[in-house]
Structures are given as C-alpha cells and as structure tokens.
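Residue numbers (the working numbering): -12 to 82.
Before any comments, here is the structure.
Here's what the structure looks like:
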C-alpha cells in the first residue's frame, strides 16, 4: 500500500523545516509528499526542494506532487513546462 503525506502552506513551515518533515516521512515509509498551490512560494519549486531532501534516504527520492493547482495562476504552457521539468529533474517521481 502506498501512503502519501500532505504539507499545507497554513503550517507556515520554512523550507528547511519542510525538508526535515520530508526526510522524516521518507524514514517512516511514506511514498509521496504533496503540496497545494497557494499564494506565496512556487509549488513546483517546493516539490523540487522536498524531493531533493529525500534522495539520500529513499533511492530516487519520494514521489512529490501538487494536490491542487488552480488554473488561473498559470497558462497551460507554463503548467506543461514546469511539470515536464520536474519530471526530468526527479526521474519521473513528480506526480
């Protein structure tokens, strides 16, 4: 069974704290870590940061993804470019 964990922006965690939580999730056996798209930090960059933090714990790092991404924030081309870049960066671990 695959179980993921979500970290919401309302937790107000710093990027370093998010990396630590991501590492702990990997150690506990979670298979993915999710974020919503909100105002503030770029969710694709947040996913990249969390993924990288888990690469030394889980071979290939935890899968990561954006749980909700309102279409009003990005054009279809921007979504495609960001998602494609994340997929290449993570070796296909971006959901």
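The beta carbon of each residue, even a glycine, is placed where N, CA and C say it ideally should be.
Problem - Own chain partners of residue 54 with C-beta closer than 7 Å, once the 5 adjacent residues on each side are dropped - result: -7, 21, 22, 23
Exercise for the section: Can you check the region -3 to 34 for any alpha helix (DSSP H) of at least 4 residues that lies completely inside it and give the ranges in chain order? Expected result: 2 to 14
Exercise for the section: Note the first and the last residue of the continuous beta strand (DSSP E) segment covering residue 52. Expected result: 50 to 53
Problem - Reference residue 74, options 60, 32, 58, closest by Cα - result: 32
Exercise for the section: State the Cα-Cα distance for the pair residue 36 and residue 81, rounded to the nearest angstrom. Expected result: Rounded to whole angstroms, residue 36 to residue 81 spans 12 Å at the Cα level.
Practice task
Thinking residue 38 and residue 27 are a contact (beta carbons under 8 Å), I'd like their distance in whole angstroms, please.
Solution key: In this structure residue 38 is not in contact with residue 27, their Cβ atoms being roughly 19 Å apart against a cut-off of 8 Å.
Handout entry: Cut-off 7 Å between Cβ atoms - residues of its own chain near residue 13, not counting five sequence neighbours on either side
Key = 41, 44, 45, 49
Exercise for the section: Look at the Cβ atom of residue -9, then the Cβ atom of residue 9, and state whether they are nearer than 8 Å. Expected result: no
Practice task
Find the nearest neighbour of residue 126 within the set 2, 3, 72, -11, judged by alpha-carbon distance.
Solution key: The question about residue 126 has no answer, for the chain in this structure spans -12 to 82.
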